[in-house]
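Undergrad: At position 25 of the sequence shown the residue is numbered 25 (this note's numbering), and the sequence of numbers has no breaks.
Following this message is one structure expressed as structure tokens.
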Amino acid sequence: MINYRLITTLSSELKQNHLITFPGSALLLEKPLRDNPLIAEMTAHAEQGTLADTCFGCEPFARITVVPLDAWQDSLTDSLLDALRPLLATPACNDVLLDCTRIHDTVLAKTLRFLFNQAHRLTDLGLKKSPNHITRLVQINAYCAKSESARLETLFSQQQAIANGMIAARRLADIPSEHCTPQFVVDEAQRLCANFSSLRCEVLDENAIVEQGLGLLHAVGKGSTRPPRLLAIHYDGASSGPVRSYVGKGVTFDTGGLWLKEGAGMYTMKYDMCGAANVLGLMLSIAELGLPVRVMGVLALAENAIGPDAMQPGSVARACNGMTVEINNTDAEGRLVLSDAIAWASQRHPKTRYIIDLATLTGAVVKALGYELSGLMTQDNALRCALTAAGEQSGDEVWSLPLDARLKKQTESAIADLCNTPTNNAAISASAAWLLHHFCPQNIPWAHLDVSGTALWREGGKSVASGRPIPLLMQHLLNDLNAGA
Ligand code: BES
Ligand code: MN
Ligand code: ZN
């Protein structure tokens, strides 16, 4: 874990830091930098709009980066992060000194999450030989005004906890699916939750799944030699008050089933459990912050495999709320496991304040919204507004797609209550959400987040897990708690 410290005066301990600042900063106007002609030259560059960076001639610092002022205020295009990312790929030293005197709150939150996330790298999985002595970031020092330090202390501790949850989620999602099976996710969740006495795991194995009538989750998982699981993580940070629930799609590998996907992009389907991984990460972040609230995270875990026992197109399965679903497309498995998990969650806590599900549910949401925005589908306007605002505040944004009864035909079946895919290719993401809404009782506000475009982050041309939308959901929860207080 990377630590942080807020400072309001420059002290000599900060030498050998990597100073990240902007032209005109008070930090550059102190001796000896004030008299350094290189600093004057770098400042001039940054004032012209280009980043200036040096590891030489910048004593007492190990490195100085001067980023144009615009970037510190730009919460939309990530220009500060884009500038820092290549520099932090191979850090010059263990300590960063970040100038927080002119930074927009959303940019700061994103920058901190990026920095705290440096505690984990893909090579830490131990699957690749990597140089032993690469310098790692250890400490974030933040320079700020005294009047800001109390407010920033809260922001820093929150972003640190969020980042720690993101790291747990990213790591789990990156582990190849041969290893990362439904039972493995359960094992990891139990191991990680054991660090907090406020977290408790409840596991349904394949027998309990059948006994409790989760026929949709069972149908998806039955083709695999790695049986499905339903994992509920309970957080008790308060002894009373409503439970808030999160449900994650945890398809540890999605071959498409008998409706087999084509080979080229299939390797990314080990990430089809990002929703579940992020629910786990969120629960860990909540526990780390010790929030005074009750929360339940439900992970719907199954592998969508091919084989003699795999579910067949045209079969009908029954969910734990009694509804039947015709499975005409075995590749639309996410909505099946989620439907059962949402219904189960609503039965486990009938007075839930809200249920939010998160899932890499459709490729179509990427066509509609791209890689920056998660798709939000809900019929609850209060929840829509709260999630949209929390997205803007955290910089982990959502955009709404329409969801109402005009989609009714998209889920009609001649043989069952519902059909898992429409025969047309219209409104694919919203049609999936329309199916899901049948599994949440009307009295519980419910929202669906399709994170196919955002749960992954492209790093050097390759997809890796991003930990989104943990920041969004934490911000939303914090706001919701403050509103109630
Ligand atoms: N896991 C996929 C969705 C997905 C695709 C996520 C690509 C990320 C990248 C999901 O199970 C799926 O296969 N969805 C189908 C839906 C279709 C059958 C209606 C899709 O998107 O093609
Ligand atoms: Mn699929
Ligand atoms: Zn899937």
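Every residue gets a Cβ at the ideal spot worked out from N, C-alpha and C, and that includes glycine.
The model shown is predicted, which means the values in this text are computed figures rather than measured ones.
Tell me which residues share the same chain as P176 and place their Cβ nearer than 7 Å to its Cβ, disregarding the 5 neighbours each side in the sequence.
TA: Only K270 meet the Cβ criterion.
Undergrad: Please name the residue, chosen from F253, A389, K249 and L88, that lies closest to A276 on a Cα-to-Cα basis.
TA: Closest by alpha carbon: K249.
Undergrad: Let me know if E178 comes out buried or exposed under the rule of 16 or more other beta-carbons within 10 Å of its beta-carbon.
TA: Exposed: under 16 other Cβ atoms inside 10 Å.
Undergrad: On the DSSP letters alone, give me the boundaries of the alpha helix (DSSP H) that L217 sits inside.
TA: Taken as a continuous stretch (DSSP letters only), the alpha helix (DSSP H) holding L217 covers G215 to G221.
Undergrad: Going by DSSP, name the residue or residues bridged to M95.
TA: Reading the sequence as shown, one finds Asp at residue 95 and not Met. DSSP lists Q139 as partners of D95.
Undergrad: Just to confirm my understanding: we take G290, look at its own chain, exclude 5 residues before and 5 after, and list those with CB closer than 8 Å. What are they?
TA: Only S198 and G237 meet the Cβ criterion.
Undergrad: Starting from the C-beta of A92, find all residues in its chain whose C-beta is less than 8 Å away, skip the five residues before and the five after it, and write them out in chain order.
TA: These residues qualify, in order along the chain: H18, C55, A62, R63 and T135.
Undergrad: Apply the 10 Å Cβ neighbour rule to H133 and answer buried if 16 or more other Cβ atoms are within range, or exposed otherwise.
TA: It is exposed - the Cβ of H133 has fewer than 16 other Cβ atoms within 10 Å.
Undergrad: Can we say the segment 432-448 touches the segment 327-347, given the rule of at least three CB pairs closer than 8 Å?
TA: Because the criterion of three Cβ pairs below 8 Å is met, the segment 432-448 and the segment 327-347 touch.
Undergrad: Roughly how many angstroms separate the alpha carbons of A414 and D357, rounded to a whole number?
TA: If I take the Cα positions, the gap works out to 28 Å.
Undergrad: Grouping DSSP H, G and I as helix and E and B as strand, with all else coil, what is I356?
TA: The answer is strand: DSSP assigns I356 an E or B state.
Undergrad: When you compare only the Cα positions, how much space is there between W344 and G314?
TA: When rounded, the distance between both Cα atoms is 24 Å.
Undergrad: Tell me where the alpha helix (DSSP H) around V185 begins and ends.
TA: Counting along the chain, the alpha helix (DSSP H) containing V185 begins and ends at P182 to C193.
Undergrad: Under 8 Å between C-beta atoms, does G213 make it to chain C?
TA: Absent from the structure is chain C; it holds one protein chain and no more.
Undergrad: Less than 8 Å separating the beta-carbons of L301 and A168?
TA: No, the Cβ-Cβ distance between L301 and A168 is not below 8 Å.
Undergrad: Under 7 Å: does the beta carbon of N304 sit that close to some heavy atom of the ligand MN?
TA: Within the cutoff, so yes.
Undergrad: Look at T252 and P308 and say whether their C-beta atoms are less than 8 Å apart.
TA: Not a contact, by the Cβ cut-off of 8 Å.
Undergrad: Candidates A319, I444 and L472: which alpha carbon is nearest A390's?
TA: The residue with the shortest Cα to Cα distance from A390 is L472.
Undergrad: Under the three-state reduction of DSSP, which class applies to K110: helix, strand or coil?
TA: Reduced to three states, the DSSP call for K110 is helix.
Undergrad: Using a threshold of 7 Å, is the CB atom of E326 nearer than that to any non-hydrogen atom of the ligand BES?
TA: The answer is no for E326.
Undergrad: DSSP puts L301 in a beta bridge; with which residues?
TA: For L301, which the question treats as bridged, DSSP gives the partners R229 and G250.
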